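Engineer: For the sequence shown, numbering that gives the first Met the number 0 begins at 0 and goes up steadily by one.
If you scroll down you'll find the structure; I have some questions about it.
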Amino acid sequence: MRDGTQHAGDATAELETALRGGPFHVALRAAIATRGLPLQRVQHHLTRYGVKVGVTSLSYWQQGARRPQRPESLRAVRALEEILQLPDESLIRLLAKADERPEAERAAARSYRSLVEASGALEKLLAELDSPLDGGLHTIGHHERVRIGTRRELLGRDSQHIVRAHKEGIDRFVAIHHGDPGCDPERMAVHALENCRTGRVLWHHDTGVLVAELLFDTRLRAGDTFLFRYGVEDGTADVCGEYVRGFGFSGGQYALQVRFAEDTLPVRCHRFTQHSAAAPRSGRQELTLSDPHRSVHVVEQRVRSGIVGIGWDWE
């Protein structure tokens, strides 16, 4: 068992490493975690410096979803260096370093597409399909396999679901796919792989959200279980740096496996969780890449409402 002293030492070491090599969002997240400050307190401290930044923006910055660029945001970064007791220019230097990277690598730092940003488009697409949020199904088990291609892109994924109906007459499931920034949902393909067939497929280009009906060949009665499998071929965006899965409801077991193309391996991988898209990340744990199979995985025995993900760093 690790005591608090060892845990604090590990957090400090992680922060020192992040401040040396970046990227910016990892260093910011490590600094906030090391100081033990919730984002609301960080925001409160910033107001004392005369800087107004929303909690959501702070969350995006430490996730890598967005990067501070406006003059007001850069003032906030300099204030954060004092609030978080960091060396002068340490965060600003990492921002400048990020600007020097190729565009494809900068895209990877923004690879997380917030559920908040896409929620409006998703609600409209689901309304077009006349689909309720849970679809009348409870998830007992969900095994998801994600494939990363030779260009470091999200090549595709396939999902196997075991569900139980809690309403009468359920005969479909609506799958949701969020592409990385720069993706082209019109070029994506949805494949019914087992015990289902593809129905209507809709998308929203600007947010990269795609929804697809998977039709069953039977109508489930309340209490019936069902197993089906489908896949989404993507490969339309640039470099991918993480994969996340959001859960609107508590459910059964969830297993996420990420497999990388041969000779295209990241230097490190980790798991993380979030209570919501606007909340800070927690539960970070380094994952060991399996050499023979070029993959990492996480297993949640019982998911709760929120987000589970795997992130990785390229050289």
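In this text, a Cβ means the ideal position worked out from N, Cα and C, and glycines have one as well.
On a predicted model such as this, the values are computed, not experimentally measured, just so you know.
#1: Keeping to the same chain, check which residues put their C-beta closer than 6 Å to that of Leu153; ignore five residues upstream and five downstream.
#2: Tell me which residues share the same chain as Ala78 and place their Cβ nearer than 7 Å to its Cβ, disregarding the 5 neighbours each side in the sequence.
#3: So is Pro86 buried or exposed if we call it buried at 16+ other beta carbons inside 10 Å?
#4: Of all the options Arg163, Thr149 and Lys123, which has the alpha carbon lying nearest to the alpha carbon of Gly140?
#5: DSSP has Asp157 in a bridge; who is on the other side?
#6: Determine the contact status of Gly308 and Val231, defining contact as a CB-CB distance below 8 Å.
#7: Rounded to a whole number of angstroms, what is the C-alpha to C-alpha distance between Leu255 and Val297?
#8: Does the beta-carbon distance from Ile161 to Gly245 come in below 8 Å?
#9: Less than 8 Å between C-beta atoms, sequence neighbours within five positions excluded: which residues of the same chain meet that for His269?
#10: Assuming Leu57 and Gln68 form a contact by the criterion Cβ under 8 Å, report the distance between their Cβ atoms to the nearest whole angstrom.
#11: Using 8 Å as the threshold, is the segment 144-153 in touch with the segment 206-214, meaning 3 or more CB pairs across them?
#12: In three-state DSSP terms, what is Ala191?
#13: Taking only three categories from DSSP, how would you classify Gly63?
#14: Just to confirm before moving on: does the CB-CB distance between Glu185 and Gln252 stay below 8 Å?
#15: Which residue wins for smallest C-alpha separation from Val243, given the options Ser275, Gly20 and Asp183?
#16: Express the C-alpha separation of Leu93 and Gly320 in angstroms, rounding to a whole number.
#17: Under 8 Å by Cβ, that's how I've got Glu193 and Arg228 pegged, so tell me the actual separation to the nearest angstrom.
#18: Please report how far the alpha carbon of Glu99 lies from the alpha carbon of Arg19, in whole angstroms.
#19: On a CA-only basis, which of Arg144, Pro265, His137 and Trp202 is nearest Ala172? Give me that one, please.
#20: Give the single residue among Arg199, Val76, Leu83 and Gly53 whose Cα lies nearest to the Cα of Glu15.
#21: Mind checking which residues open and close the alpha helix (DSSP H) that includes Pro238?
#22: In terms of residues, what are the limits of the alpha helix (DSSP H) holding Thr46?
#23: Using three-state DSSP, classify Gly20 as helix, strand or coil.
#24: Arg66: which of Val257, His24 and Cys182 sits nearest, CA to CA?
#25: Roughly how many angstroms lie between the CA atoms of Asp315 and Arg303, to the nearest whole one?
#26: Leaving out five residues on either side along the sequence, give the residues of the same chain with a beta carbon under 7 Å from the beta carbon of Glu167.
#27: Quick one: using the 10 Å Cβ neighbour count with 16 as the cut-off for buried, is Pro279 buried or exposed?
Structural biologist: Working from what's here:
#1: Answer for Leu153: Asp179, Asp233 and Cys239, listed in chain order.
#2: So the qualifying residues of the chain are Leu45, Tyr48 and Val50.
#3: With fewer than 16 other CB atoms across the displayed protein chains lying within 10 angstroms of its CB, Pro86 is exposed.
#4: Among Arg163, Thr149 and Lys123, the Cα nearest to that of Gly140 belongs to Arg163.
#5: According to DSSP, Asp157 shares a beta bridge with Arg144 and Gly230.
#6: Judged by beta-carbon spacing, Val231 lies beyond the 8 Å limit of Gly308, meaning their Cβ atoms are not closer than that value.
#7: CA-to-CA, the gap between Leu255 and Val297 works out to about 5 Å.
#8: Their beta carbons are not under 8 Å apart, which means Ile161 does not touch Gly245 by this criterion.
#9: The beta carbon of His269 sits closer than 8 Å to the beta carbons of Arg283, Gln284, Glu285, Leu286, Ile309, Gly310 and Trp311 from its chain, once the five residues preceding and following it are set aside; these are given in chain order.
#10: A Cβ-Cβ separation of about 15 Å leaves Leu57 out of contact with Gln68 under the 8 Å criterion.
#11: The segment 144-153 is not in contact with the segment 206-214.
#12: Residue state for Ala191 is assigned as strand, using DSSP reduced to three classes.
#13: DSSP places Gly63 in coil when its eight states are reduced to three.
#14: No, the pair does not count as a contact, with Cβ atoms beyond the cut-off.
#15: It is Ser275.
#16: Within the shown structure, residues of the chain are numbered from 0 to 314, placing residue 320 beyond reach of any answer.
#17: That belief holds up - the Cβ atoms of Glu193 and Arg228 are roughly 4 Å apart, short of 8 Å.
#18: With a pLDDT of 48 at Glu99, under the threshold of 50, the modelled position of that residue is not reliable, and no figure is offered here.
#19: The question names Ala, but residue 172 in the sequence shown is Phe. Taking only the C-alpha atoms, the option nearest Phe172 is His137.
#20: The residue with the shortest Cα to Cα distance from Glu15 is Leu83.
#21: Correcting the residue type first, residue 238 is Val in the shown sequence and not Pro. Run containing Val238: none; DSSP gives neither H nor E here.
#22: Per DSSP, the unbroken alpha helix (DSSP H) holding Thr46 starts and ends at Leu38 to Arg47.
#23: In this structure, Gly20 counts as helix in the three-state DSSP scheme.
#24: Minimum Cα distance to Arg66 is reached at His24.
#25: This structure cannot settle anything about residue 315, because the visible part of the chain is limited to 0 through 314.
#26: Result list for Glu167: Arg220 and Ala221, in chain order.
#27: Buried, by the Cβ-count rule.
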